[in-house]
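I have placed the structure first, in the form of structure tokens, so that the comments after it can refer back to it.
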Amino acid sequence: HIVTINLNNPTNIYKKIDSPLKWQTRVVACFPAGDGYAVGSIEGRVAIQYVEDKDAVNNFSFKCHRKEGATTKDGTNVFAVNSITFHQQHGTFSTAGSDGVMYFWDKDSKTRLKTFDAAPGPISATAFNRTGTIFAYAISYDWSKGHSGMTAGHVNKVMLHALKDEEIKKKPKK
Numbered sequence: 001h002i003v004t005i006n007l008n009n010p011t012n013i014y015k016k017i018d019s020p021l022k023w024q025t026r027v028v029a030c031f032p033a034g035d036g037y038a039v040g041s042i043e044g045r046v047a048i049q050y051v052e053d054k055d056a057v058n059n060f061s062f063k064c065h066r067k068e069g070a071t072t073k074d075g076t077n078v079f080a081v082n083s084i085t086f087h088q089q090h091g092t093f094s095t096a097g098s099d100g101v102m103y104f105w106d107k108d109s110k111t112r113l114k115t116f117d118a119a120p121g122p123i124s125a126t127a128f129n130r131t132g133t134i135f136a137y138a139i140s141y142d143w144s145k146g147h148s149g150m151t152a153g154h155v156n157k158v159m160l161h162a163l164k165d166e167e168i169k170k171k172p173k174k
């Protein structure tokens, strides 16, 4: 379930819904405008949800953090979405996953803005700085493979990426 609480009246539940995703929720992030949120799951999916019923027509979900391969019946490896972070100035957002890949997205045009090369391990957390000019991400084991996946010498580091406007800004409407 996902519970929404209006902070002007924090003792009452404003809205309670079933998750739009079938599998375990891994991350939830609010839109900068406060009118909705994104939900990420262990099945490599993200759902974009608006709080008000009148905006429900804009709700959608999409697949991400997947790699083609022959290890599953449909030939796709699926990775958990570990982090979703919204850019405060542009309203675009990032996803990062157990596959070590990060993406920038524009929810309004439903497009991927940028794909980063895979990091040497899972991306466990991300953040934009206050001015939106730097993107920070943590490479570390995320426990997606349990205790047996934690091996000696696993990479643990925080990285900074200087943002360019064309990477994170919404594309002009055609």
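Taking our numbering, the leading residue of the sequence shown gets 1, the next gets one more, and so forth.
Every residue gets a Cβ at the ideal spot worked out from N, C-alpha and C, and that includes glycine.
If you're wondering where the values come from, they're calculated on a predicted model, not measured in any experiment.
Just how far apart, CA to CA, sit residue i and residue j?
{"i": "residue 5", "j": "residue 152", "result": "42 Å"}
{"i": "residue 41", "j": "residue 17", "result": "16 Å"}
{"i": "residue 70", "j": "residue 100", "result": "With a pLDDT of 48 at residue 70, under the threshold of 50, the modelled position of that residue is not reliable, and the figure given next carries that caveat. C-alpha separation (whole angstroms): 19 Å."}
{"i": "residue 115", "j": "residue 102", "result": "6 Å"}
{"i": "residue 166", "j": "residue 11", "result": "42 Å"}
{"i": "residue 19", "j": "residue 38", "result": "11 Å"}
{"i": "residue 28", "j": "residue 84", "result": "7 Å"}
{"i": "residue 51", "j": "residue 143", "result": "31 Å"}
{"i": "residue 119", "j": "residue 9", "result": "42 Å"}
{"i": "residue 1", "j": "residue 34", "result": "19 Å"}
{"i": "residue 105", "j": "residue 112", "result": "4 Å"}
Can you tell me which of the options puts its alpha carbon nearest to the alpha carbon of residue i?
{"i": "residue 24", "options": "43, 9, 52, 38", "result": "43"}
{"i": "residue 21", "options": "46, 166, 88", "result": "46"}
{"i": "residue 48", "options": "122, 67, 128, 94", "result": "94"}
{"i": "residue 157", "options": "50, 123, 105, 39", "result": "123"}
{"i": "residue 107", "options": "128, 53, 129, 36", "result": "36"}
{"i": "residue 30", "options": "54, 13, 3, 53", "result": "3"}
{"i": "residue 67", "options": "164, 14, 117", "result": "117"}
Any heavy atom of the ligand PLP closer than 6 Å to the CB of residue i?
{"i": "residue 107", "result": "For the structure depicted, the ligand PLP is absent and the ligand set is empty, with no information on it obtainable."}
Counting along the chain, where does the beta strand (DSSP E) carrying residue i start and finish?
{"i": "residue 168", "result": "Unbroken run through residue 168 is the alpha helix (DSSP H), 165-168; no beta strand (DSSP E)."}
{"i": "residue 26", "result": "25-30"}
{"i": "residue 161", "result": "157-162"}
{"i": "residue 88", "result": "Here residue 88 belongs to no beta strand (DSSP E), and DSSP marks it neither H nor E."}
{"i": "residue 48", "result": "45-50"}
{"i": "residue 98", "result": "Where residue 98 is concerned, there is no enclosing beta strand (DSSP E), given that its DSSP letter is neither H nor E."}
{"i": "residue 114", "result": "111-115"}
{"i": "residue 40", "result": "36-41"}
Going by the CB atoms, is the gap between residue j and residue i shorter than 7 Å?
{"i": "residue 96", "j": "residue 126", "result": "yes"}
{"i": "residue 65", "j": "residue 168", "result": "no"}
{"i": "residue 160", "j": "residue 139", "result": "no"}
{"i": "residue 137", "j": "residue 154", "result": "no"}
{"i": "residue 172", "j": "residue 91", "result": "no"}
{"i": "residue 121", "j": "residue 89", "result": "no"}
Cβ pair count under 8 Å reaching 3, the segment 75-87 against the segment 51-61: no
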